[in-house]
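Enquirer: Before anything else, here's the structure in question.
In the numbering used here, the protein residues as written are 118 to 368.
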């Protein structure tokens, strides 16, 4: 067993004896090899096997004579015990909870570890779930064709398997905004995790956001007072209030 990028090996001296047996002609011998070393994460390994008969005949290593056949007497594999990394880029992660009047997609990035120059098995799947709390119950986005799109009875996880470097989830109810109807001011959470080809899962990343499609209340001007005359007015003051999120700016 040889690891790429670890050492150059001598094809005549790198062989380890797996089993010594005394079999009859044409008898099949089963064997297995128990490793006595630790695999190194991020490495690609080559495994070749050959039999040696009582006369000392064996298949020479390429390029001396014959070539070991991948899938028959030779295989390569990558050892990957590191979980992928995942981020959610929409909704944004902000110091204060992001608020949206329109949210047609949930998106993010993922990358398997370890990164270059090491080998990894690649991200195979991203899972996403979206939920909110209401009166002590957790409601999960169901997706699909309805008629129930939010349910407190079923924890639904949505699988994404395409374009995982920059993944995106959408739904027709997101695009026409009916997924959020009647939920202005609700605090939602989007959660995502990633799995690689070696079945390593990342942890869940969670990003909160508020849906708010309702304009703020009409601002109030405190100064100047209505109908008054001023010979000095160093500042104009007032108040502004939003029902469902926060005031971002006053113009």
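Built from N, CA and C at the ideal position, the CB exists for glycine as well.
(1) Note the first and the last residue of the continuous alpha helix (DSSP H) segment covering residue 292.
(2) Tell me, which residues are paired with residue 317 by DSSP?
(3) Should residue 312 and residue 202 be called a contact, given that it needs their Cβ atoms to be closer than 7 Å?
(4) Just list the residues that DSSP pairs residue 304 with in beta bridges.
(5) Given residue 283, which residues of its chain have a CB within under 6 Å of its CB, disregarding the five upstream and five downstream residues?
(6) Just the Cα atoms here: how many angstroms apart are residue 270 and residue 291?
(7) Over the uninterrupted beta strand (DSSP E) stretch that includes residue 202, give me the two end residues.
(8) Does residue 284 come out as helix, strand or coil in the three-state DSSP assignment?
(9) Any contact between the segment 201–220 and the segment 251–266? By contact I mean 3 or more CB pairs, one from each, below 8 Å.
(10) Looking only at DSSP bridge pairs, what is residue 194 linked to?
(11) Is DSSP giving residue 222 helix, strand or coil here?
(12) Taking 7 Å as the cut-off, decide whether the C-beta atoms of residue 278 and residue 259 are in contact.
(13) Judging by CA-CA distance, which residue of 235, 351, 328, 330 is the nearest neighbour of residue 162?
(14) With residue 244 as the anchor, note down where its beta strand (DSSP E) starts and where it stops.
(15) Evaluate residue 392 with the Cβ neighbour count: other Cβ atoms within 10 Å of its Cβ, from every protein chain shown; 16 or more gives buried, anything less gives exposed.
(16) In whole angstroms, what is the alpha-carbon distance linking residue 167 and residue 160?
(17) My output table needs one value for residue 297: the three-state DSSP class, helix, strand or coil.
(18) Quick one: does residue 251 have its CB under 7 Å from some CB of chain C?
(19) Residue 174 to residue 149, Cα distance in whole Å?
(20) Relative to the C-alpha of residue 165, which candidate in 133, 147, 299 has its C-alpha closest?
(21) What residue from 287, 205, 265, 169 has the CA that sits closest to residue 220's CA?
(22) Looking only at C-alpha atoms, which of 336, 347, 329, 338 sits nearest to residue 217?
(23) Could you check the C-alpha separation between residue 347 and residue 308 for me, to the nearest Å?
(24) Quick one: give me the first and last residue of the beta strand (DSSP E) that residue 276 is part of.
Expert: To lay it out plainly:
(1) As a first step, residue 292 must be located in the chain shown, where it is residue number 175. From DSSP, the alpha helix (DSSP H) with residue 292 extends over 289–292.
(2) Counting from one through the chain shown, the residue named residue 317 turns up at place 200. According to DSSP, which records beta bridges pairwise, residue 317 is partnered with nothing at all.
(3) As a position in the chain shown, residue 312 is number 195, starting the count at 1. As a position in the chain shown, residue 202 is number 85, starting the count at 1. Not closer than 7 Å, so no.
(4) Taking the chain shown and counting its residues from 1, one reaches residue 304 at position 187. Note: residue 304 sits in a beta bridge opposite 327.
(5) As a working mapping, residue 283 is identified with position 166 in the chain shown. Correct list, in chain order: 226.
(6) The residue labelled residue 270 in the question sits at position 153 within the chain shown. The residue labelled residue 291 in the question sits at position 174 within the chain shown. Their backbone Cα atoms lie some 21 Å apart in a straight line.
(7) Position 85 of the chain shown, counted from the first residue, corresponds to residue 202. 202–207 is the extent of the beta strand (DSSP E) around residue 202.
(8) In the chain shown, the residue the question calls residue 284 occupies position 167. DSSP places residue 284 in strand when its eight states are reduced to three.
(9) no
(10) As a first step, residue 194 is located in the chain shown; it is residue number 77 there, counting from the start. Answer is 162.
(11) Walking along the chain shown from the start, residue 222 turns up at place 105. Strand, per DSSP.
(12) If you number the chain shown from 1, residue 278 lands on position 161. If you number the chain shown from 1, residue 259 lands on position 142. Not closer than 7 Å, so no.
(13) Position 45 of the chain shown, counting from 1, holds the residue named residue 162. Minimum Cα distance to residue 162 is reached at 235.
(14) Taking the chain shown and counting its residues from 1, one reaches residue 244 at position 127. Boundaries of the beta strand (DSSP E) harbouring residue 244: 240–251, taken from the DSSP string.
(15) Lying outside 118 to 368, the shown extent of the chain, residue 392 is not represented and no answer is given.
(16) In the chain shown, residue 167 corresponds to position 50, counting from 1. In the chain shown, residue 160 corresponds to position 43, counting from 1. In a straight line, the C-alpha of residue 167 is about 23 Å away from that of residue 160.
(17) Position 180 of the chain shown holds residue 297. Residue 297 falls in the helix class under three-state DSSP.
(18) Annotation note: the requested chain C is absent from the structure, which comprises a single protein chain.
(19) For the purposes of this step, residue 174 is taken as residue 57 along the chain shown, with counting starting at 1. For the purposes of this step, residue 149 is taken as residue 32 along the chain shown, with counting starting at 1. Residue 174 and residue 149: Cα-Cα distance of roughly 21 Å.
(20) The residue given as residue 165 occupies position 48 in the chain shown. Nearest C-alpha to residue 165: 133.
(21) By 1-based counting over the chain shown, the position of residue 220 is 103. Ranked by how close their Cα comes to the Cα of residue 220, the residues 287, 205, 265, 169 have 287 in first place.
(22) To locate residue 217, count along the chain shown from 1; it is residue 100. Of 336, 347, 329, 338, the residue nearest in Cα terms is 329.
(23) Against the chain shown, residue 347 aligns to sequence position 230. Against the chain shown, residue 308 aligns to sequence position 191. Their backbone Cα atoms lie some 55 Å apart in a straight line.
(24) Residue 276 sits at position 159 when you count from the first residue of the chain shown. 275–277 is the span of the beta strand (DSSP E), which, as asked, contains residue 276.
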